[in-house]
Amino acid sequence: MATKEQMEKVKDIVVKLRYLECMDNIIYYDRWNNCPKDGFDYEGKVGAYLTELSNEKLTSKETKELVESLEGETAFDSDTDKGMVRYLIGKYKEAVQIPASLQGELNQANADGQLAWGKCYEADDFESFKPVLKKQFDLQEKIATAINPDEKPYQVLVNRFDKDYRLEEIDAILAKIKDAVCEILNAVREEQSKIDDSILECEADHDTVLRIVKKAQEILGLDKDKSTLFEIHHPVCVCTGPRDSRPSTNCDELIHAILAVVHETGHGLYNYNANDEVAESGLWGGIEGAMHESQSRFYENHVGRTREFWENLYPYLQKEVPKYKEISLDTFLAALNKVKPGLIRLKADELTNTLHIIIRYEIEKEYFDGKLTVDTIEEAWNRKYQEYLRFTPKNHQEGILQDVHWASGCVGYFQGYALGDAYAAQFAHKLLTDCPDAFEKLGKGDSSVIGNWLKEHIHQYGQTYSAREMLKKATGEELNTDYYIEYLKEILKYRGVFYLLNIICGFSVFGAPLAVITLLGSGLYAGMIMTVSILEFGFAGGVIGMGLLLPQYLFYIPVWLYSMEQEWKISSEIWRNRGLISGEVSIYLKKMCIAAVGYFLGILIECYVNPLIIDIILKYIKIF
5 MATKEQMEKV KDIVVKLRYL ECMDNIIYYD RWNNCPKDGF DYEGKVGAYL
55 TELSNEKLTS KETKELVESL EGETAFDSDT DKGMVRYLIG KYKEAVQIPA
105 SLQGELNQAN ADGQLAWGKC YEADDFESFK PVLKKQFDLQ EKIATAINPD
155 EKPYQVLVNR FDKDYRLEEI DAILAKIKDA VCEILNAVRE EQSKIDDSIL
205 ECEADHDTVL RIVKKAQEIL GLDKDKSTLF EIHHPVCVCT GPRDSRPSTN
255 CDELIHAILA VVHETGHGLY NYNANDEVAE SGLWGGIEGA MHESQSRFYE
305 NHVGRTREFW ENLYPYLQKE VPKYKEISLD TFLAALNKVK PGLIRLKADE
355 LTNTLHIIIR YEIEKEYFDG KLTVDTIEEA WNRKYQEYLR FTPKNHQEGI
405 LQDVHWASGC VGYFQGYALG DAYAAQFAHK LLTDCPDAFE KLGKGDSSVI
455 GNWLKEHIHQ YGQTYSAREM LKKATGEELN TDYYIEYLKE ILKYRGVFYL
505 LNIICGFSVF GAPLAVITLL GSGLYAGMIM TVSILEFGFA GGVIGMGLLL
555 PQYLFYIPVW LYSMEQEWKI SSEIWRNRGL ISGEVSIYLK KMCIAAVGYF
605 LGILIECYVN PLIIDIILKY IKIF
């Protein structure tokens, strides 16, 4: 068992390492916020020196002996002690594996890259950025090789942020997500296109935008004594201490500024909410990668796009921006949540955001697999955007230069956003299980139920646990990535409720006309799918259209004909004022239950078999 003396030494080292990290993060914050362009180079050198000091601490004889004595130890007085040892061993191994000179070179490259990206973005000049990108990728590969020469470089780079996942596992998760998103996107694209989202375009002066985003932070419960807001083109959140978190936004566009600040506030709350024991141990700040992104995506999507959140913010928005006085909250929310594929990740809707992430992950992976170079990377980017989102960038700003991640050293990071979305959905489910009135209270201006649940189950533990351990501890289960099951639930909800409505209406005068409408509507729906598919894509579209309908419609059609016949018969009795007898009701319910079995089989086939058929068809028939 780890001794008290050993743990005191571990704590001392970890805390001092975090001191150095804080100073480095303050420099990082300054580069984003205040540093003049001519000061970047020197701040890069300061950052490199801080890394050198950190490496000296980690590679000292004292640390080496301590790590060797504790490696493999499983018995600790507390989870915090165990977390400190895990943290120290992880940092020690990287420090031993990565030469200090190489790490310092990378720190300088991150500073130089950040500055170069800003210049090249403004000039829309990818050609000048290519040498910067190549240098960054080359250094990242050297880092990966130094850490583990026997492993694929990209596996190592991904594991620097998301330590719990193999590439094969991530590939499988993202493949499921991509298939589900593309299928849903195709299903809703036409309907969503009818929503007018032009109301989101709004000219508001800088000070007005700033007041509104600060109001949004207030609604979310961000503590002003533990945070400060700054502005930057590409929003980030910088953690500079256990009670010092600095989210940012971009005030150029009002609605984008609000969603961005909600996202970064999620990071901010996670950063400063560690309990006192965790903060004093140096484990504050949250688990890097997917877990941290789960908190930002939770707030951005599960809170920031809800009616309850906007019931608080929208009156303030209407007061500050007169245009919105004439626009109802319902109309505004429809526009805010419109599914609208586009080119800019930071402005993407909740559904298509994942496709942006997958594109970046695939490009990184292909580059480090040797399939791409800096000269071919943009072509791959544009091709994937056309394939997944049906858009091709018109310039570098809305294409390959839109993100700062690669320039500033975040290589192998993007999968964390997609995994974070899965984590966030799981947290949201558990939150509503534990606190069913959480969002009802948010609608009344009280976000504390949400904030307290996240603090109690996630935030207070900081980096005490691994991401997977934290997920299991907070929700009681491992990561659930079965998007087809979730899709099944949605299909059941949509189709099942409608079927139940038909059964109930059979006991009224509404049953007979509803039965007719249902049959007509079903035929019209199937006909529209085939018609639109053929008109837009010809014979190939016809094959795709058939693939969208089969084989589930082989079950749906006879079920609909049979069940609607029963609904028509029993409802017609009421029309004729003959009333109902118990025997007829019993027979009717039995027949509808029999039909429901066939209906459920159709739903299962739609969820599990139909996607496979579509996937096969799309492999052999190219329509985009």
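In the working numbering, the protein residues as written are 5 to 628. Cβ atoms here follow ideal geometry from the backbone N, Cα and C, with glycine treated the same way.
{"Item": "Suppose the cutoff is 7 Å on Cβ atoms and the five residues either side in sequence are ignored; what does the same chain contact list for residue 484 look like?", "Value": "430"}
{"Item": "Who are residue 242's beta bridge partners in DSSP?", "Value": "250"}
{"Item": "Can you tell me the Cα-Cα spacing of residue 195 and residue 108, whole angstroms?", "Value": "53 Å"}
{"Item": "How would you label residue 562, buried or exposed, when you count the other beta carbons within 10 angstroms and need 16 or more for buried?", "Value": "exposed"}
{"Item": "Per DSSP, what are the beta-bridge partners of residue 235 in this structure?", "Value": "253"}
{"Item": "Between the alpha carbons of residue 59 and residue 99, how many angstroms are there, rounded?", "Value": "6 Å"}
{"Item": "Can you have a look at residue 295 and say buried or exposed, based on whether 16 or more other CB atoms are within 10 angstroms of its CB?", "Value": "buried"}
{"Item": "When burial is assigned at 16 or more other CB atoms within 10 Å of the CB, is residue 391 buried or exposed?", "Value": "exposed"}
{"Item": "Which of helix, strand or coil does DSSP assign to residue 16?", "Value": "helix"}
{"Item": "Report yes if the CB atom of residue 261 is closer than 7 Å to the CB atom of residue 325, and no otherwise.", "Value": "no"}
{"Item": "Do residue 145 and residue 135 have their C-beta atoms closer together than 7 Å?", "Value": "no"}
{"Item": "Measure the Cβ-Cβ separation of residue 161 and residue 415 and say whether it is below 7 Å.", "Value": "yes"}
{"Item": "Taking C-alpha atoms, which residue in 115, 18 and 5 lies nearest to residue 82?", "Value": "5"}
{"Item": "If you drop the 5 nearest sequence neighbours on each side, which residues of the same chain put their C-beta closer than 8 Å to that of residue 50?", "Value": "31"}
{"Item": "Taking the straight line between their C-alpha atoms, what separation do you get for residue 239 and residue 42?", "Value": "22 Å"}
{"Item": "Is residue 103 helix, strand or coil when you go by DSSP?", "Value": "coil"}
{"Item": "Suppose the cutoff is 6 Å on Cβ atoms and the five residues either side in sequence are ignored; what does the same chain contact list for residue 489 look like?", "Value": "Legend: pLDDT at residue 489 = 37, less than 50; position of this residue unreliable, value from coordinates given subsequently. Hits under 6 Å: none found."}
{"Item": "Tell me whether residue 285 is buried or exposed, calling it buried when 16 or more other Cβ atoms sit within 10 Å of its Cβ.", "Value": "buried"}
{"Item": "Between the beta-carbon of residue 308 and the beta-carbon of residue 266, is there less than 7 Å?", "Value": "yes"}
{"Item": "With a CB to CB cut of under 6 Å and the five nearest residues on each side skipped, what residues in its chain are close to residue 316?", "Value": "223 and 449"}
{"Item": "Looking only at its own chain, which residues have a Cβ that is under 7 Å from the Cβ of residue 24, when we skip the five neighbours before and after it?", "Value": "54, 57 and 58"}
{"Item": "Quick check on residue 440: buried or exposed, where buried means 16 or more other Cβ atoms within 10 Å of its Cβ?", "Value": "exposed"}
{"Item": "How many whole angstroms separate the CB atoms of residue 337 and residue 311, which I take to be in contact at a CB cut-off of 8 Å?", "Value": "6 Å"}
{"Item": "In this structure, how does DSSP classify residue 405 when only helix, strand and coil are distinguished?", "Value": "coil"}
{"Item": "Relative to the C-alpha of residue 433, which residue among 302, 384 and 331 is closest?", "Value": "302"}
{"Item": "Return the Cβ separation of residue 384 and residue 402 in integer angstroms, given the expectation that the two are a contact with Cβ distance under 8 Å.", "Value": "Incorrect: roughly 16 Å between the Cβ atoms, too far for contact."}
{"Item": "State the start and end residues of the unbroken alpha helix (DSSP H) segment that holds residue 157.", "Value": "157 to 163"}
{"Item": "Starting from residue 186, follow the alpha helix (DSSP H) in both directions and report where the run begins and ends.", "Value": "171 to 196"}
{"Item": "Which term fits residue 46, buried or exposed, when burial requires 16 or more other beta carbons within 10 angstroms of its beta carbon?", "Value": "exposed"}
{"Item": "Could you check the C-alpha separation between residue 234 and residue 406 for me, to the nearest Å?", "Value": "20 Å"}
{"Item": "Just confirm the distance between the C-beta atoms of residue 52 and residue 106, as a whole number of angstroms; I'd bet it's less than 8 Å.", "Value": "The pair is not a contact, with the Cβ atoms about 11 Å apart (cut-off 8 Å)."}
{"Item": "Indicate the three-state DSSP secondary structure (helix, strand or coil) for residue 316 in the structure shown.", "Value": "helix"}
{"Item": "DSSP three-state call for residue 418: helix, strand or coil?", "Value": "coil"}
{"Item": "Over the uninterrupted alpha helix (DSSP H) stretch that includes residue 338, give me the two end residues.", "Value": "333 to 340"}
{"Item": "Buried or exposed for residue 613, please, with buried defined as at least 16 other CB atoms from any protein chain shown within 10 angstroms of its CB.", "Value": "exposed"}
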